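Residue numbers (the working numbering): 19 to 379. See structure below.
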DNA sequence: AAAACGGGGAA
DNA sequence: TTCCCAGTTTT
């Protein structure tokens, strides 16, 4: 079923000089592109890793992670054979940890079913865990020179201005509209530089605020610029604000060890490690010793409140009150928890919120 | 169609 | 503060 109406796309593209637009964009990109570690070659595996890391993440943040990751897992096989904990450790601090777990799941499938070669077939590629419409298009165009759209936030911002499209880019179906438009204007000769050029333009020139229109290589093609509407585009509905959850967290220790536990394999921060936590609404300070005895089998002495940590996620806020506790007696009975030597804490992947706790301890 | 899913940096 | 970032999966 064709969701996006063809007439709608044609309307946006009336009088649009595709060849000139392509030429201006590609020549600008070839001249001005940044030297980035994943641009040294077009190894489909490296393109893939970089595209996953770059999801909702700035280039400057990704660079050191990418270099370390590729050094540690240079090939599809190396990543497929690694321990998941090792992969999560390499991803620690980057966020959206399901990206790392999905990537490894997908890479294992590539080794098992596709002779360790990243699939070139669009449907096969899409079937891989963590490879959605954007990543599929990015890998196909950048690694394999296939003229497929790769529509991300940059592309929607740039093209919403160039074609003066005022649909809400927060809506799912709007991405499909942009894909239909890109299919019409993408360079068949050089889809890689075309797609990367759109994204690079969005990152360097056609920025969300105060875009540098005077430096723009496609200014003459930009409907929003001609009509003085650049600042009004793209249209994006706002998301509602986060809910705050308050927790107690406990640094439970003896002379040399600390109690940590692994989070569930589903949901927020899946499979990462943390100090035991309980929501404030589910207990109170008077009952915490009892709660720890019940859940972990340890008798503890309540120590000082170390600190209060506020950690902001995209969809919620954690307010964590951290307490120190000393183990008096007992053995850990909770299977997902264990006492580990303080010096070995850095072997485990922790979310940033709990890395803050480690720092203060 | 909407919500879940991290973390950092810019304005 | 608010918004944004080379999005995908689950509900």
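Even for Gly, the Cβ is constructed at its ideal location relative to N, Cα and C. Keep in mind the model is a prediction, meaning the values are calculated, not measured.
- Annotation for residue 116: the continuous alpha helix (DSSP H) segment containing it runs 116-131.
- For residue 175, the uninterrupted alpha helix (DSSP H) run begins and ends at 171-180, by DSSP.
- Ranked by how close their Cα comes to the Cα of residue 246, the residues 364, 163, 228 have 228 in first place.
- Relative to residue 296, the option among 323, 340, 45 whose CA is nearest is 340.
- Here DSSP, grouped into helix, strand and coil, assigns residue 289 to coil.
- Look at residue 143 here: in three-state DSSP terms it is helix.
- Counting every other CB atom within 10 Å of its CB across the protein chains shown gives residue 330 a total below 16, marking it as exposed.
- DSSP, read as helix, strand or coil, puts residue 251 in coil.
- In the three-state reduction of the DSSP assignment, residue 78 falls in the helix class.
- Its chain contains 231, 243 as the residues whose beta carbon lies nearer than 7 Å to that of residue 237, once the 5 sequence neighbours on both sides are disregarded; these appear in chain order.
- Taking a cut-off of 8 Å for Cβ pairs, the region 205-216 and the region 166-175 touch, as three or more such pairs fall below it.
- Inter-segment contact for the region 297-306 and the region 264-275 is present: three or more beta-carbon pairs are separated by less than 8 Å.
- In this structure residue 355 does not touch residue 283 by the C-beta definition: roughly 15 Å separates them, more than the 8 Å allowed.
- Assignment of residue 261 by DSSP, reduced to helix, strand and coil, places it in the strand class.
- For residue 321, the enclosing beta strand (DSSP E) starts and ends at 316-330.
- Put simply, the backbone Cα of residue 75 is about 11 Å away from that of residue 68.
- Non-local beta-carbon contacts of residue 134 in its own chain, meaning distances under 7 Å to residues more than five positions away in sequence, involve 94, 95, 128 in chain order.
- Residue 64 is not a Cβ neighbour of residue 98, given a cutoff of 8 Å.
- With a threshold of 16 other beta carbon atoms within 10 Å, residue 203 meets it and is buried.
- Distance from the Cα of residue 150 is smallest, within the candidate group 375, 369, 168, for 168.
- Inter-segment contact for the region 185-192 and the region 138-146 is absent: fewer than three beta-carbon pairs are separated by less than 8 Å.
- The alpha-carbon separation between residue 369 and residue 122 amounts to approximately 19 Å.
- Taking a contact to require three or more Cβ pairs closer than 8 Å, the region 313-333 and the region 346-360 qualify as touching.
- The straight-line gap separating the alpha-carbon atoms of residue 28 and residue 90 is approximately 48 Å.
- Note on residue 37: under 16 other CB atoms within 10 angstroms of its CB, so exposed under the neighbour-count rule.
- Boundaries of the beta strand (DSSP E) harbouring residue 348: 334-348, taken from the DSSP string.
- The residue from 372, 320, 199, 367 with its alpha-carbon nearest to that of residue 25 is 199.
- In this chain, residue 60 is not harboured by any beta strand (DSSP E), its DSSP state being neither H nor E.
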